[in-house]
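Novice:
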Amino acid sequence: MIPELGHFALWLALAMALLLGVVPLAGALRGRDDWMTLARPLAAGLCITVGIAFISLTASFVRNDFSVLYVASNSNSALPLQYRIAGVWGGHEGSLLLWVTMLCVWMGAVARFSRHLPLPVVARILSVMGWVAVGFLLFTLITSNPFERLFPAPADGRDLNPLLQDPGMVIHPPMLYMGYVGFSVAFAFAVAALIGGNLDSQWARWTRPWTLAAWIFLTIGITLGSWWAYYTLGWGGWWFWDPVENASFMPWLAGTALVHSLAVTEKRGAFKSWTVLLAILAFSLSLLGTFLVRSGVLSSVHAFATDPRRGLFILAFLVIVVGSSLTLYAWRAPRVGLGARFALLSRETLLLGNNVMLVVAMAAVLLGTLYPLLLDALGFGKISVGPPYFDTVFVPLMAPLVFLMGVGPLARWKQAELPELALRLRWAFAVAVVAALASGWLAGRITLVATVGLLMAWWIVASLATELWGRIKPRDGASVGARAALLPRAALGMMVAHLGVAVFIFGVTLVKTLEVERDVKMGTGDTTTIEGYVFTFRGVRELDGPNYRAARGWIEVTQGGRKVADMFPEKRIYRVQRNPMTNAAIQTGLTRDLYVSLGESVEGGAWIVRVYYKPFIDWIWGGCVLMMLGGLLAATDRRYRSRAPATAAPPLATAMPGIGTLEHEAP
Amino acid sequence: MKSLKFLIPLVLFGVLALFLGAGLKLDPREVPSPLIDKPAPDFKLARLDDPATTISREDMLGKVWLLNVWASWCVACREEHPLLVEFAKRKLVPVYGLNYKDVRADGKAWLSQHGNPYEASLFDEKGKVGIDYGVYGVPETFVIDRKGVIRYKQIGPLTPEVLRDRIEPLIKSLQA
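First to last, the protein sequences are chains A and B. Here the first sequence stands for residues 2 to 668, numbered as in our numbering. Here the second sequence stands for residues -4 to 171, numbered as in our numbering.
1. Under 8 Å, Cβ to Cβ, is there at least one residue of chain A near Ala171 of chain B?
2. Indicate whether at least one CB of chain B lies closer than 8 Å to the CB of Val320 of chain A.
3. Please classify Thr528 of chain A: is it buried, with 16 or more other beta-carbons within 10 angstroms of its beta-carbon, or exposed?
4. Is Met2 of chain A buried or exposed, if buried means 16 or more other CB atoms sit within 10 Å of its CB?
5. Report, in whole angstroms, the separation of the C-beta atoms of Leu30 of chain B and Tyr128 of chain B, which I expect to be a contact under 8 Å.
6. DSSP three-state label for Ile587 of chain A, please.
7. Report buried or exposed for Ser67 of chain B, applying the criterion of at least 16 other Cβ atoms within 10 angstroms of its Cβ.
8. Relative to the C-alpha of Leu11 of chain A, which candidate in A:Leu98, A:Gly158, A:Gly28 has its C-alpha closest?
9. Under 7 Å Cβ-Cβ, which residues of chain B neighbour Asn580 of chain A?
10. Only counting the same chain, and skipping five residues up and downstream in sequence, which positions put a Cβ closer than 6 Å to that of Ala436 of chain A?
11. How would you list, in chain order, the residues of chain B whose beta-carbon sits under 8 Å from the beta-carbon of Ala331 of chain A?
12. Which word fits Gly526 of chain A, buried or exposed, when buried means at least 16 other C-beta atoms lie within 10 angstroms of its C-beta?
13. Helix, strand or coil for Val577 of chain A per DSSP?
14. What is the C-beta distance between Ser42 of chain B and Ser116 of chain B, in whole angstroms, given that I count them as a contact (C-beta under 8 Å)?
15. Decide if the segment 219 to 228 of chain A is in contact with the segment 194 to 205 of chain A; the criterion is three or more beta carbon pairs, one per stretch, under 8 Å apart.
16. Going by DSSP in three states, Trp100 of chain A sits in which element: helix, strand or coil?
17. Strictly under 8 Å for the Cβ-Cβ distance: is Val70 of chain B near chain A by that measure?
18. Under 8 Å, do Ser128 of chain A and Phe284 of chain A count as touching if we go by C-beta distance?
19. Rounding to the nearest angstrom, what Cα-Cα distance links Gly290 of chain A and Asn146 of chain A in this structure?
20. Any C-beta of chain A sitting closer than 8 Å to the C-beta of Ser177 of chain B?
21. Is there contact here, the segment 132 to 143 of chain B with the segment 67 to 76 of chain B, by at least three beta-carbon pairs under 8 Å?
22. Compute the distance between the beta-carbons of Arg573 of chain A and Pro163 of chain A, then report whether it is under 8 Å.
23. Per DSSP, what kind of secondary structure is Val69 of chain A in: helix, strand or coil?
24. Quick one: Cα of Asp54 of chain B to Cα of Leu40 of chain B, how far?
25. Where Ile126 of chain B and Ala17 of chain B are concerned, what is the direct C-alpha to C-alpha distance, given to the nearest angstrom?
26. Helix, strand or coil: how does DSSP classify Leu346 of chain A here?
27. Beta-carbon within less than 8 Å of Pro388 of chain A's beta-carbon, same chain only, minus the 5 sequence neighbours each way: which residues are those?
28. Tell whether a beta-carbon distance below 8 Å holds between Ile531 of chain A and Tyr614 of chain A.
29. Would you say Phe137 of chain B lies against chain A (beta-carbon separation less than 8 Å)?
30. Taking only beta-carbon positions, decide if Glu81 of chain B is within less than 8 Å of chain A.
31. Between A:Gly91, A:Cys48, A:Gly198, A:Glu94, which has its C-alpha nearest Val111 of chain A's C-alpha?
32. Touching or not, the segment 413 to 428 of chain A and the segment 339 to 357 of chain A, by the rule of three or more beta carbon pairs under 8 Å?
33. Quick one, are the C-beta atoms of Ile166 of chain B and Ala35 of chain B less than 8 Å apart?
34. Tell me which residues share the same chain as Ala73 of chain A and place their Cβ nearer than 6 Å to its Cβ, disregarding the 5 neighbours each side in the sequence.
35. Please classify Pro4 of chain B: is it buried, with 16 or more other beta-carbons within 10 angstroms of its beta-carbon, or exposed?
36. Whose C-beta lies closer than 7 Å to the C-beta of Pro410 of chain A among residues of the same chain, with five residues either side of it excluded?
In structure tokens, the structure reads:
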């Protein structure tokens, strides 16, 4: 009964979504309050029905109901409970249901936290999100029903893909989807504003915290995915430029551009049509990512079972959503106007430069991802674009971006003076150069690539320090502490996020230049030494997991005679799906990871063992966590928490002393 | 005329959508090979581990064998490699590698790192033999029979299903 209840709830949800898409929008168009006020109850109804469907599917998994086809394909009675729950999004159908559920979470949040918005605006926003929900509910119901029954029911299920049986995988997809879907809010705000014609800084101010929230989730999702790849795929890499990774990275780049562009639109009223375009772009890329993953047009490590009907449906959906929003854009955006004027050298220009660089980087990733498809479609045959392309194209694009990142926050709005800027930054630059060379020397190897990488990291740190000092140095009798306490969270968030970028670059550079990878044949008692760490192989024993058999190695690590760690890498064979899985053992440290994984067994009980020394690799994810924290600080800035009535706020934040000006007027 | 620039995103998206639509009709993993059931093209290449020894098509006549095209720069190869290693251990059929457009040292390092399922790897530095074999991308796998005729070609990584359902039965029937 439970699956039927879930299926019925989904149809009911479709009806709700259709009503939500039509009635409030029509109400906003004709100025009827009674229709518009229906937006919130309808959104709530949609949330509840989708919630019931989601819980039904989860219940089927928990109860091992293998008469449900999807459960039988993605679960097994020997699967531990947490992975049975994660199994809900372990396959295509359930992932879609998770997508819709996340959309409803965002919709519920918008309905709940939009009391200060004018009714027509809320009605339009929820309607637009309703239409997105219609598309995905139709997709689920027509092509990918997760509640389909299987007669006769099999005795047991085919088990969850072993790669997904991992704590990281339990939370990675929900976070990633929260991010993907979260951009639908910015999208809905943009489309609603285009329809209503009220594109002003007020709009940017409303959109900003939502965009930041989505961006934060996407950052967490991508970070988790990268970390998961590092410790489960067994070869120590952390990013592979795989189409599916790119699919999540492109919306992130567009979202990052959007976050910055919204700041300009909010503070200065400039870049309006550009900001709207970015909002549309970020969500379009999320949809495109879904298309690329689900349709099987690109081959990827992550490929889901593909079905041409699904591909066609989602392409049609993509065309309708993106096509109609871009048509609306082409029609309405010319009337939006340019907004406030600014000089050639100003923070606006620098932020525009940042936006252009981010969008170009995004386009480069898009091109690299789609290039095999384009050539194939044009009849030039099949090719694969690998990391060499992305490394050579992407990294040079990041260098000017990082340079701007140092200058931008110090430049004045509207008009900045070159001599003044140069004066303030010359010390930062000198410090960065010295620090880069010094840290390269300390690391023991100075190469061009490493120096450039370190220089970029230190440049960010030094310019951040310059900016921070400018903001908190004692002035007008206020002490450092007093001025620091006055720092708005948005400014603090920006600094923390930028520091995250520096930490990230630092980690990437040092891993790339200093890592040591060694593959050795080891019998019991054999040792190998890397960077002063002595790895002793203590043997391998067989062991039984709940649904797998494993060979578990034991490697003792000592340094200068002192024991550092016992490491237990595993090689698992999952009983149902029969594919081998490598579980690396990692000993994490602040300045280095020790990474051991089992290769092949060779004659005489010896094994090929991969021993890696990865300096500063955790800084990569640490940097991402800082970016996320920065986003969190910015999203919880005072001016988003205090909900002044919409009508009372003047259109430009610069007219609000103490809120708008304090943050960016560096003395 | 000024407002025309706002149409640019729409136009760009239209072009993209056309390509995506065309892409739907194509399967990235399946390309019909004109070489199926044709004699395998001639080759004579040095072994990866021993530049002094060469292997040619004639040496392979009389046995059913697998030719797996791989490279150390190929990410998808890492995906299929554990599978190939397991498969080679069962000794159903000799597996030969074609190390395609690679650097000798990199190729050798890669094999010692990921395991070596191959009887031998042919070192195709310039990719000339690969071109003769119509290699679109790496990895690819050919099944070649006793008479040196190509009987099957897998484009993209091998999967457990392909090995179990297509390659193994084919090998058994060819060896019978």
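Cβ atoms here follow ideal geometry from the backbone N, Cα and C, with glycine treated the same way. Note that the structure is a prediction, hence the values are computed from the model and not measured.
Specialist: The structure says:
1. Ala171 of chain B does not count as touching chain A.
2. With respect to chain B, the C-beta atom of Val320 of chain A has a partner C-beta closer than 8 Å.
3. exposed
4. exposed
5. Going by Cβ atoms, the distance from Leu30 of chain B to Tyr128 of chain B rounds to 7 Å, so yes, they are a contact pair.
6. Correct three-state label for Ile587 of chain A: strand.
7. If you draw a 10 Å sphere on the C-beta of Ser67 of chain B, you find 16 or more other C-beta atoms in it, and that means buried.
8. A:Leu98
9. By Cβ distance, chain B contributes Pro155.
10. Trp459
11. Ser(-2), Phe1, Leu2, Pro4, Leu5
12. Counting Cβ neighbours within 10 Å, Gly526 of chain A comes out exposed, since fewer than 16 surround it.
13. coil
14. It should be noted that the sequence gives Arg, not Ser, for residue 42 of chain B. Indeed, because the Cβ distance is near 7 Å, the residues count as touching under 8 Å.
15. no
16. helix
17. yes
18. In this structure, Ser128 of chain A keeps its C-beta atom at 8 Å or more from the C-beta atom of Phe284 of chain A.
19. 21 Å
20. With chain B covering -4 to 171 only, the question about residue 177 of chain B has no answer from this structure.
21. Yes, the segment 132 to 143 of chain B is in contact with the segment 67 to 76 of chain B.
22. yes
23. strand
24. 11 Å
25. 26 Å
26. Residue state, collapsed to three classes: coil.
27. Answer for Pro388 of chain A: Phe241, Trp242, listed in chain order.
28. Closer than 8 Å, so yes.
29. no
30. yes
31. A:Cys48
32. By the Cβ test, the segment 413 to 428 of chain A is in contact with the segment 339 to 357 of chain A, since at least three Cβ pairs between them sit closer than 8 Å.
33. For the pair Ile166 of chain B and Ala35 of chain B, the CB atoms are not nearer than the 8 Å cut-off.
34. In its chain, beyond the 5 residues on either side, Phe67, Leu151, Pro155, Gly158 have a beta carbon closer than 6 Å to the beta carbon of Ala73 of chain A.
35. buried
36. For Pro410 of chain A, where only same-chain residues beyond five positions count, the Cβ hits under 7 Å are Glu468, Met495.
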